[in-house]
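Peer 1: In the numbering used here, the protein residues as written are 3 to 244.
Sending over a structure as structure tokens; questions will come in a sec.
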């Protein structure tokens, strides 16, 4: 019912279903757990229900349990999607960002190589990174090498989502060393030259944020890549205003 209309989502939440659904996230019954997190995800689509969920006792703990120890891949994926939905509310971003196990679990989902899981994990990481103070935490958790691995191996759509995350994560001083370890500047410059239009824009944004936070040394690192200036010049003349 929660899947189909806001009227159903309102009625279910007002009937007090949320605490019961949260309790079922701890069940050993894989199907029951999957149904419970899917219902919570669908309820969260209606904006006022996000507060109902987050204000319920132990809500985030229960969702994190499903994300980290879910009985099925679908349950874990829907837990990530539920967190993404909750992160639409700006005030929840620092709260979720203070839970490093969430970031680690999202990276584990990406490592599985399942495209749908990867998409949900990337969307969640992107919304976490919209809060600037979460960016050093993402770097510390190992986001940079995991996301850059997608730039090498993933298909269209995944690369664009991955570069969007990289563009935000680059906006902290801690990112410089992490990028340097995996030759991130070189990879981003290559994307300027060969990526899709959206990928090129995200790569340019990442390089800009990296330079602004890393200072002259990062600018020199960028200029040291032979194709950087030609690629930027082409993007300047052919890219979108962004």
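Every residue, glycine too, gets a C-beta built ideally from N, C-alpha and C.
Would you check if the region 87-97 and the region 66-74 touch, i.e. whether three or more CB-CB distances between them fall below 8 Å?
Peer 2: At 8 Å Cβ cutoff, the stretches do not touch.
Peer 1: In three-state DSSP terms, what is residue 185?
Peer 2: Note: residue 185 maps to coil in three-state DSSP.
Peer 1: Report the three-state DSSP secondary structure of residue 143 (helix, strand or coil).
Peer 2: Correct three-state label for residue 143: coil.
Peer 1: Whole-angstrom Cβ separation of residue 51 and residue 11, contact assumed at under 8 Å?
Peer 2: Correct: roughly 6 Å between the Cβ atoms.
Peer 1: Taking CB distances under 8 Å as the criterion, tell me whether residue 78 reaches chain C.
Peer 2: Looking at the structure shown, chain C is missing, and only one protein chain is on hand.
Peer 1: So, residue 177 versus residue 132, is the Cβ gap smaller than 8 Å?
Peer 2: Cβ distance not < 8 Å, so residue 177 and residue 132 don't count as in contact.
Peer 1: Quick one: grab the DSSP three-state call for residue 15.
Peer 2: Helix, per DSSP.
Peer 1: Look at the alpha carbon of residue 191 and the alpha carbon of residue 83, and state the distance between them as a whole number of angstroms.
Peer 2: Cα to Cα, residue 191 sits roughly 31 Å from residue 83.
Peer 1: Within 10 Å of its beta-carbon, does residue 22 have 16 or more other beta-carbons around it, so buried, or fewer, so exposed?
Peer 2: Residue 22 comes out exposed.
Peer 1: With a floor of 3 residues, list each beta strand (DSSP E) that falls wholly inside the region 69-156, ordered by position along the chain.
Peer 2: Listed in chain order, there is nothing to give.
Peer 1: If residue 145 and residue 171 are in contact, beta carbons under 8 Å, what's the gap, nearest whole angstrom?
Peer 2: Right, their Cβ atoms sit about 6 Å apart.
Peer 1: Per DSSP, what kind of secondary structure is residue 180 in: helix, strand or coil?
Peer 2: The answer is helix: DSSP assigns residue 180 an H, G or I state.
Peer 1: Taking C-beta to C-beta, are residue 64 and residue 34 nearer than 8 Å?
Peer 2: Taking 8 Å as the Cβ cut-off, residue 64 and residue 34 do not qualify as a contacting pair.
Peer 1: Taking the alpha helix (DSSP H) that residue 27 falls in, what are its first and last residues?
Peer 2: No alpha helix (DSSP H) contains residue 27, which DSSP labels as neither H nor E.
Peer 1: Exposed or buried, which one is residue 122 when buried takes at least 16 other CB atoms within 10 Å?
Peer 2: So residue 122 counts as buried.
Peer 1: Who are the Cβ neighbours of residue 58 in its own chain at under 8 Å, not counting the five residues just before and after it?
Peer 2: Hits under 8 Å: 20, 21, 24.
Peer 1: Which residues bound the alpha helix (DSSP H) around residue 55?
Peer 2: Looking at the DSSP string, the run of the alpha helix (DSSP H) that includes residue 55 is 49-56.
Peer 1: If residue 165 sits next to residue 204, beta carbons under 8 Å apart, how far is it from one beta carbon to the other, in whole angstroms?
Peer 2: Right, their Cβ atoms sit about 3 Å apart.
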